[in-house]
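Participant: Per numbering that gives the first Met the number 0, the sequence shown starts with residue 0, numbered consecutively. Just so you know, even glycine gets a beta-carbon here, dropped at the ideal spot from N, CA and C. Starting off with a structure, shown below.
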Amino acid sequence: MPALTETTANETPTGFLRGDRVCLRPMEPKDLEHVRRWMNDPELRALTGSTFPMSRADAREWLERVRQDRDRVWLAVALAEDGRLIGEAGLLRIHYPWRTADMSLILGDKGAWGRGYGTEAARLLMDYAFGTLNLHRLSVGVVGFNERALRFWEKIGFRREGVQRDGYYLDHAYHDFVMMSILEQEFRAAG
Numbered sequence: 000m001p002a003l004t005e006t007t008a009n010e011t012p013t014g015f016l017r018g019d020r021v022c023l024r025p026m027e028p029k030d031l032e033h034v035r036r037w038m039n040d041p042e043l044r045a046l047t048g049s050t051f052p053m054s055r056a057d058a059r060e061w062l063e064r065v066r067q068d069r070d071r072v073w074l075a076v077a078l079a080e081d082g083r084l085i086g087e088a089g090l091l092r093i094h095y096p097w098r099t100a101d102m103s104l105i106l107g108d109k110g111a112w113g114r115g116y117g118t119e120a121a122r123l124l125m126d127y128a129f130g131t132l133n134l135h136r137l138s139v140g141v142v143g144f145n146e147r148a149l150r151f152w153e154k155i156g157f158r159r160e161g162v163q164r165d166g167y168y169l170d171h172a173y174h175d176f177v178m179m180s181i182l183e184q185e186f187r188a189a190g
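Next up, the structure:
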């Protein structure tokens, strides 16, 4: 796996993966307070399937696991213009023999929602996954009531392939978990 370079949260990032408006760079200790705040936000927890609160110690342990895990690439999503952190994105459960991985994207800064940043970040990460890492298939799981996320993933080319009925439990109720995927040739054909 290619080495990731560090930038600070306050400098305009050169970025590991850079687009016109966002860049993806390695997660750093300075990012942890943002991540912790996002993971403790009840709305974001419900939409992402996160169920447990995150303490500062938990956040540090999480970052260390992310850095050590060779079947995961986890990156901060920052604005290219000023380096402001708006989210996180990653590939996890990368299985190189099968050329597959799961993908995740969370824009924790709600002010960044609906502005196209997520689309650009996802496309940068998908290009990296299908290009540099030579993967063939990416998948995501979305809680069934998160209609916004379902529309987002479909808009960027993911297809629904199945439902884990009652696969997610929240607030004393079961909810479906929608499985989606995209293949490398589908991503390339969409241009």
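Compare the beta carbon distance of Val139 and Asp101 with 8 Å and say whether it is the shorter of the two.
Facilitator: A contact, by the Cβ cut-off of 8 Å.
Participant: Have a look at Glu32 and Gly117 and give me their C-alpha separation to the nearest angstrom.
Facilitator: If you take the alpha carbons of Glu32 and Gly117, they lie about 21 Å apart.
Participant: Spatial neighbours of Gly18 within its chain, please: CB distance less than 7 Å, with the 5 preceding and 5 following residues excluded, ordered by chain position.
Facilitator: Hits under 7 Å: Ala79, Glu119 and Leu123.
Participant: Would the beta-carbon of Met26 fall within 8 Å of that of Glu87?
Facilitator: Going by C-beta atoms, Met26 is nearer than 8 Å to Glu87.
Participant: Measure the Cβ-Cβ separation of Leu90 and Ala128 and say whether it is below 8 Å.
Facilitator: A contact, by the Cβ cut-off of 8 Å.
Participant: State the Cα-Cα distance for the pair Phe176 and Gly143, rounded to the nearest angstrom.
Facilitator: Straight-line Cα distance between these residues: approximately 5 Å.
Participant: Report the rounded CA-to-CA distance for Arg98 versus Lys29, giving the unit in angstroms.
Facilitator: Whole-angstrom Cα-Cα distance: 32 Å.
Participant: Which whole-angstrom value describes the C-beta separation of Ala121 and Ile85, a residue pair presumed to lie in contact below a C-beta threshold of 8 Å?
Facilitator: Contact flag wrong, Cβ pair sits at about 13 Å.
Participant: Please classify Gly115: does DSSP put it in a helix, a strand, or coil?
Facilitator: The answer is coil: DSSP assigns Gly115 none of H, G, I, E or B.
Participant: At what residues does the alpha helix (DSSP H) containing Pro41 begin and finish?
Facilitator: Pro41 -> alpha helix (DSSP H) spans Pro41 to Thr47.
Participant: By a C-beta neighbour count over all protein chains shown, 10 Å radius and 16 as the cutoff for buried, is Thr131 buried or exposed?
Facilitator: Under this definition Thr131 is an exposed residue.
Participant: Could you have a look at Gly166 and say whether DSSP puts it in helix, strand or coil?
Facilitator: In this structure, Gly166 counts as strand in the three-state DSSP scheme.
Participant: Going by Cα to Cα distance, which pick from Leu23, Met125, Glu42 and Arg164 is closest to Gly82?
Facilitator: Checking every option, the nearest Cα to that of Gly82 belongs to Leu23.
Participant: Let's see if you can read the secondary structure: which residues bound the alpha helix (DSSP H) around Phe151?
Facilitator: Here the alpha helix (DSSP H) through Phe151 covers Glu146 to Lys154.
Participant: Give me, in chain order, the residues of the same chain whose beta-carbon lies closer than 7 Å to that of Phe157; leave out the 5 immediate sequence neighbours on both sides.
Facilitator: Val139, Met179, Ser180 and Ile181, listed in sequence order.
Participant: Taking only three categories from DSSP, how would you classify Arg159?
Facilitator: Strand, per DSSP.
Participant: Hey, Leu56 and Val34: beta-carbon distance below 8 Å or not?
Facilitator: The amino acid at residue 56 is misidentified as Leu; the sequence shows Ala. No, these two residues do not count as a Cβ contact at 8 Å.
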